[in-house]
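Structure first, then comments.
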DNA sequence: CAAACTCAAAAGTACTACTTATTCAAGATG
DNA sequence: CATCTTGAATAAGTAGTACTTTTGAGTTTG
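Protein chains in written order, with the working numbering: chain A, 1 to 234; chain B, 235 to 468.
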C-alpha cells in the first residue's frame, strides 16, 4: 500500500518530466520526501530501475534516465503519461501503435481463431451495428472495446493480446474527449462487420485490409484531436 | 549483483514454465533456495510483481501468475524466453510483432525523418547491397540491424523505437540458426533500397508497401523455421 | 448448520548494523 | 608540472531483527 503510493508519486513525477533526466536523487532524500522507510524507498527504486526510468550508481545515487531508455510498454508508465499533461501526445503514440498492430492481428485472427471466437466476433459486430443505429454511444464504446479485445486475443499472439488495454484506452479517450462525431460513422460500423465476416471466412487478406481501413480512419481523427486539443491538458 | 542473480534465476524458471502458474512460493523458502537475504528476496519479488509474473497475497505467499497476465514487452522476460526451451516460439511471436510494426514505422519515417536520417538510411541501403554482393553475411547482418534500427527511431514513436532490440534479435536469430540462405536474397536487398528511397522522397505509402513486402517474406521464413526447427530447443 | 469469532501464519513495514564499491582529493613520484 | 597512486569519505548494497497487518482456516456458539 505504502509502496504503491510512493511508486505512483515518484513515477508520475519522472514520467511527466517534473524530474528531468539526469536528476540525481539520494535514497535518504526520498525517504524524507515521502515519509517512507528505507525498505519502501529501496523497493520503489528497484521497480523504477526495472522500468528503466532510473539507474542507481553507488556513491552517486538514483539517476533519472532519458525517456528513450524507458520501457514504454509498461502499463504503469502508460498510465502515468495518460494521467499527466502529455496525455494527448501519449494517446497519439498509443494510437499509432494500435494502428500498426490491429491489421496484423486481424490477419492472424482470420487464420487462427476458434470457431467459437469467430461466432462471438460476428455477434459483437451485430450488436455494434444495432447500438450505432440507436445512437447509444456509451454502449457502442463498450461493444467496440469488446470487439477489438476479442480480435486481439484471437490472434494467438500474447504481445498483441496484451495491447487490448491500450486499444481500450485509445477508444475511450476518443469518445471521452467529446470529439467523436455525435453518432458512430456508418462506414466504421460496416468495416467492423467486414472484419468479422472475413475472420469468419478465414480470409486473412480481407480481414487485414478492412481493419487497416478502420485504423487509418482513427489515425486521422486522433491526429486532428492532437492538433487543436493539445493544450487542454487533463 | 546478488539481486540480479536471484532475479534472473527465479524469473527464468517462471518464464520457462518450470514453475507452473498457480505455484505458491513463500518468501522464506526463496531465501533458503537462493541463499539470499530477506532484503534481496523481497526486492526480487517486488520486481517480478511489477512484471506481472507473480502476485503476492498476505497469509498465502507469492503466486505465479498466468502467462496471459505477464508483461510480455519487458526486455527481461523476452530475454528469459529467448534463452529457454521456447526460443523458437518466442522468436515467432517477436517476428509477428515486428512484421506488424515495421511497415507502419516506415510510413512515419517517410513523414517525419530528418534530412540527415534520410541520407543515412540511403547510405546504409547502399552498404547493405554491397555486402550482399560480397556474400559477407555477418557484416550484412550488422548493416541490416542498423538499417532497421534507424528506421524505427526515425518514426518518432518511442514505442516503435523501443522495438529495435527485438528486431535485432529476430534478424540475428534467423542468421544464427543457419537457416538463412547462404547469401542474402537480391529481392530483399532491392526492397531495402526501395524503402530508403521512399523515405528519402517522403512517400509514406511506398515506404510502407516496400517494408511490408520485406516483413512478409521474413514471416514466411520464420514460420518454416519453427515448423521443422521447433524441437531443437536451445 | 450457518455465522461469527479467534488464532496463527505469512507478507508488509520499519529500523539498525555492516559491506562494498566509487569518487574525489591529497600526496608522492617521475 | 603533470600524472599516477593511494586512501578516506560517502552513499548504495546486503543482512538481519523486530513489529504490524491482513486473512485463511478452524472452532465455537446460537
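C-beta atoms are modelled at their ideal positions from N, C-alpha and C, and glycine is treated no differently.
Buried versus exposed, by CB contacts within 10 Å (16 or more), residue i
i                      : result
residue 231 of chain A : No answer about residue 231 of chain A holds up, because its pLDDT of 44 lies below 50 and its placement is not dependable.
residue 81 of chain A  : buried
residue 454 of chain B : exposed
residue 468 of chain B : The predicted position of residue 468 of chain B is uncertain, since its pLDDT is 34 and thus under 50; no value can be drawn from it.
residue 107 of chain A : buried
residue 189 of chain A : buried
residue 155 of chain A : buried
residue 263 of chain B : exposed
residue 258 of chain A : This structure does not reach residue 258 of chain A, given that chain A is present from 1 up to 234, and the question cannot be answered.
residue 164 of chain A : buried
residue 322 of chain B : buried
residue 64 of chain A  : buried
residue 201 of chain A : exposed
residue 401 of chain B : buried
residue 24 of chain A  : exposed
residue 288 of chain B : buried
residue 442 of chain B : buried
residue 430 of chain B : buried
residue 348 of chain B : exposed
residue 58 of chain A  : exposed
residue 125 of chain A : buried
residue 352 of chain B : buried
residue 43 of chain A  : buried
residue 212 of chain A : buried
residue 173 of chain A : buried
residue 105 of chain A : buried
residue 444 of chain B : buried
residue 9 of chain A   : exposed
residue 269 of chain B : exposed
residue 218 of chain A : buried
Extent of the continuous alpha helix (DSSP H) run through residue i
i                      : result
residue 359 of chain B : 349 to 367
residue 306 of chain B : Here residue 306 of chain B belongs to no alpha helix (DSSP H), and DSSP marks it neither H nor E.
residue 93 of chain A  : 87 to 112
residue 252 of chain B : Run containing residue 252 of chain B: none; DSSP gives neither H nor E here.
residue 41 of chain A  : 38 to 50
Residue i, enclosing beta strand (DSSP E) - first and last residue
i                     : result
residue 54 of chain A : 54 to 57
residue 61 of chain A : 61 to 64
Distance between beta carbons of residue j and residue i, contact taken as under 8 Å
i                      : j                      : result
residue 170 of chain A : residue 76 of chain A  : Actually they do not touch by this definition, with Cβ atoms about 18 Å apart.
residue 395 of chain B : residue 386 of chain B : 5 Å
residue 7 of chain A   : residue 13 of chain A  : That pair is no contact at about 11 Å.
residue 215 of chain A : residue 102 of chain A : 5 Å
residue 110 of chain A : residue 204 of chain A : 4 Å
residue 261 of chain B : residue 296 of chain B : 6 Å
residue 48 of chain A  : residue 84 of chain A  : About 16 Å separates the two Cβ atoms, so there is no contact after all.
residue 21 of chain A  : residue 306 of chain B : Actually they do not touch by this definition, with Cβ atoms about 27 Å apart.
residue 193 of chain A : residue 129 of chain A : 6 Å
residue 280 of chain B : residue 135 of chain A : Actually they do not touch by this definition, with Cβ atoms about 47 Å apart.
residue 52 of chain A  : residue 69 of chain A  : 5 Å
residue 143 of chain A : residue 127 of chain A : 5 Å
Paired residues, beta bridge with residue i - DSSP
i                     : result
residue 25 of chain A : A:62
message: Ignoring anything shorter than 4 residues, give me the alpha helix (DSSP H) runs that lie fully in the region 144 to 231 of chain A, in order along the chain.
response: 158 to 161, 164 to 176, 186 to 201, 204 to 229
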